[in-house]
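K.L.:
Can you read through this structure? Questions will come right after.
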Amino acid sequence: MTGYSSKTDVATANGKQNGSGNQTGENGTKPTEFTPQGNHASENNIQCSLTSDEFRAVNLMRQDMYPYEVIQEIADFIVKGSGIRPKIGIICGSGLGSLADIIQNPKVFDYEKIPNFPVSTVEGHAGRLVVGTLEGANVMAMQGRFHFYEGYPLAKCSMPVRVMKLCGVEYLFATNAAGGINPKYAVGDIMLMHDHVNMLGFAGNSPLQGPNDPRFGPRFPALVNSYNKDLINKAIEISKTMGIESSVHVGVYSCLGGPTYETIAELKALRMMGVDAVGMSTVHEVITARHCDMKVFAFSLITNKCATEYSDKKDDEASHDEVMAVAKNRQKTCCELVSRLVAEIQKTA
Ligand SMILES: O=P(O)(O)O[C@@H]1C[C@H](O)[C@@H](CO)O1
């Protein structure tokens, strides 16, 4: 979806561009001259030619303030609807939706049916919330996450983490597909995240921007020790028992805004900064989870190798098809790692 603009460049709700401001939309509705209050269009006396429905659609997508009470309502809807108070929340990365398929006695909520919930727009993100049990533990999993490049503000991308918190979740498992920058990483390896570089944060964007509600957490949360060391160590032990320790690493992830994959110069810069894997998600979810004091475990499945030198090889180009194919190939291993770690948590509970 594009933002609204002047009359010569009208954005429509389905993302198509019309040539002039005063035509009839595809659904036969004639755009009304709609001047939203308090935005730059009205301040500069530029008329906005969206229909009121279109304006509402844009506004809904851009909405980033979710008051505590709204989050509470969503959480109540899920807890009542499932009859379960989950302890562990799982976010499935691109192509890793099968992490939710292993949940037993699942109660499934399509995102469209959850009040005030965004919808998934990316291939490999089904758009369902699955609540049930795994290894005897109550869990909820997002089969589909929200990304900044989809047009959602960061606070909206990570709003479901707060929903998890108010459902009772204490542990967040965030997973993602990522490009491997560390030359030692191979496609199909797993990187346990022990830190991140928040590139969107460098640019002044945070899911915690705006008024702080202390019922969630402090105004200025610390982020050192964000990634729970006990869980990382447990995962390393599990990888040994699975016989995959040589393809499991501990490293630093960085999130860029996407949807473009990175240039060689960007990848070189990230490597110099100590980044091992790069993606387009997770960091804002981790920030939101740490803000409300959840324990975080996160890993990247390395779905492609990132070139940090110039060459003519077509192989160097990342593609979402490749990302999805590798994730599909490695889903069994990822599921086993997650199940075993959940079992460990459940054992010590
Ligand atoms: O949701 P994740 O971070 O796993 O997905 C990655 C980043 C983009 O959404 C997509 C690019 O292929 O995969």
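With UniProt numbering, letter number 234 in the sequence shown gets 234, and the count goes up by one each step, no holes.
Glycine residues also receive a C-beta, built at the ideal position from the N, C-alpha and C atoms.
These numbers come from a predicted model, not from an experiment.
Identify every residue that forms a DSSP beta bridge with glutamine 143.
P.N.:
In the DSSP output, where bridge partners are listed per residue, glutamine 143 has Arg128.
K.L.:
So is lysine 30 buried or exposed if we call it buried at 16+ other beta carbons inside 10 Å?
P.N.:
Note that lysine 30 scores a pLDDT of 37, beneath 50, so its modelled location is shaky and nothing firm can be said.
K.L.:
From the DSSP output, read off the bridge partner residues of glycine 89.
P.N.:
Its beta-bridge partners are Met140, Leu172.
K.L.:
Quick check: the stretch 239 to 257 against the stretch 114 to 126, are there 3 or more CB pairs under 8 Å?
P.N.:
With a cut-off of 8 Å, the stretch 114 to 126 and the stretch 239 to 257 do not count as touching, because too few Cβ pairs lie within range.
K.L.:
Helix or strand or just coil, what does DSSP make of glycine 257?
P.N.:
Reduced to three states, the DSSP call for glycine 257 is coil.
K.L.:
Which runs of the beta strand (DSSP E), 3 residues or longer, sit entirely within the stretch 231 to 316?
P.N.:
If we require 3 residues or more, the beta strand (DSSP E) runs fully inside the stretch 231 to 316 come out as 248 to 255, 277 to 279, 295 to 305.
K.L.:
So, for lysine 16: in the same chain, excluding its five sequence neighbours on each side, which residues have a beta-carbon less than 7 Å away from its beta-carbon?
P.N.:
Annotation note: pLDDT 31 at lysine 16 (below 50); position unreliable, coordinate value reported separately. There are no such residues.
K.L.:
What does DSSP give as the partner residues of valine 197 in its beta bridges?
P.N.:
Looking at the DSSP assignment, valine 197 forms a beta bridge with Ser254.
K.L.:
Using 8 Å as the threshold, is the stretch 316 to 326 in touch with the stretch 212 to 223, meaning 3 or more CB pairs across them?
P.N.:
These segments do not touch.
K.L.:
By the three-class DSSP mapping on this structure, what secondary structure does proline 67 have?
P.N.:
Coil at proline 67, not helix or strand.
K.L.:
Have a look at alanine 178 and glutamate 73 and give me their C-alpha separation to the nearest angstrom.
P.N.:
Near 33 Å, if we compare the C-alpha coordinates of glutamate 73 and alanine 178.
K.L.:
Can you have a look at serine 94 and say buried or exposed, based on whether 16 or more other CB atoms are within 10 angstroms of its CB?
P.N.:
Buried, by the Cβ-count rule.
K.L.:
Consider the C-beta atom of glycine 97 and the heavy atoms of ligand 3; say whether any pair is separated by less than 6 Å.
P.N.:
Annotation note on ligand 3: not contained in the displayed structure, which lists ligand 1 as its ligands.
K.L.:
Between the C-alpha atoms of asparagine 212 and tyrosine 66, what's the straight-line distance to the nearest angstrom?
P.N.:
Cα-Cα distance, rounded: 11 Å.
K.L.:
Nearest to alanine 349 by alpha carbon, out of Leu99, Asn138, Ile103?
P.N.:
Answer by Cα proximity: Asn138.
K.L.:
Regarding arginine 219 and ligand 1, is the C-beta to nearest heavy atom distance less than 6 Å?
P.N.:
No.
K.L.:
Pull up the DSSP beta-bridge partners for aspartate 110, would you.
P.N.:
DSSP, once it has assigned bridges, lists Arg128 as partnering aspartate 110.
K.L.:
Using the rule of at least 16 other Cβ atoms within 10 Å of the residue's Cβ for burial, across every protein chain shown, is aspartate 276 buried or exposed?
P.N.:
Aspartate 276 comes out buried.
K.L.:
On the three-pair Cβ rule with 8 Å, is the stretch 253 to 264 touching the stretch 216 to 235?
P.N.:
In short, these stretches do not touch, since the Cβ pair count stays below three.
K.L.:
Can you give the beta carbon distance from cysteine 255 to asparagine 198, rounded, assuming they're within the 8 Å contact cut?
P.N.:
Confirmed, Cβ separation roughly 7 Å.
K.L.:
Please report how far the alpha carbon of proline 221 lies from the alpha carbon of alanine 174, in whole angstroms.
P.N.:
So the alpha carbons of these two residues sit roughly 19 Å apart.
K.L.:
Rounded to a whole number of angstroms, what is the C-alpha to C-alpha distance between cysteine 306 and histidine 320?
P.N.:
Taking the straight line joining both Cα atoms gives about 13 Å.
K.L.:
Please return the same chain residues whose Cβ sits closer than 8 Å to the Cβ of tyrosine 310, not counting the five positions on each side in sequence.
P.N.:
Excluding residues within five positions, the ones whose Cβ falls inside 8 Å are Ile264.
K.L.:
Report yes if the C-beta distance between leucine 200 and glycine 132 is below 7 Å; otherwise report no.
P.N.:
No, Cβ-Cβ distance for leucine 200 and glycine 132 is not below 7 Å.
K.L.:
Looking at arginine 85 and isoleucine 181, is the spacing between their C-beta atoms short of 7 Å?
P.N.:
Not in contact: isoleucine 181 and arginine 85 (Cβ atoms no closer than 7 Å).
K.L.:
What separation, rounded to the nearest whole angstrom, lies between the Cα atoms of asparagine 27 and alanine 126?
P.N.:
In this predicted model, asparagine 27 has a pLDDT of only 37, less than 50, meaning its place in the structure is not dependable enough to derive any value.
K.L.:
So, under 8 Å CB-CB, methionine 193 and alanine 298 are touching, yes? Tell me the CB distance rounded to an integer number of Å.
P.N.:
Contact holds; Cβ gap of about 4 Å.
K.L.:
Note the first and the last residue of the continuous alpha helix (DSSP H) segment covering serine 98.
P.N.:
Per DSSP, serine 98 belongs to the alpha helix (DSSP H) from 98 to 101.
K.L.:
Could you name the residues of the same chain whose beta carbon sits closer than 7 Å to that of histidine 147, not counting the 5 residues immediately before and after it, in chain order?
P.N.:
Excluding positions up to five away in sequence, the list reads Val122, Cys157, Gly258, Met280, Ser281.
K.L.:
So is the beta-carbon of histidine 196 under 6 Å away from any non-hydrogen atom of ligand 1?
P.N.:
No.
K.L.:
Is glutamine 331 near serine 98, with beta carbons less than 7 Å apart?
P.N.:
The answer is yes: Cβ separation under 7 Å.
K.L.:
Quick check on the DSSP output: the alpha helix (DSSP H) that includes aspartate 321 runs from which residue to which?
P.N.:
Per DSSP, aspartate 321 belongs to the alpha helix (DSSP H) from 320 to 348.
K.L.:
Please confirm whether any heavy atom of ligand 1 lies closer than 6 Å to the CB of methionine 280.
P.N.:
Within the cutoff, so yes.
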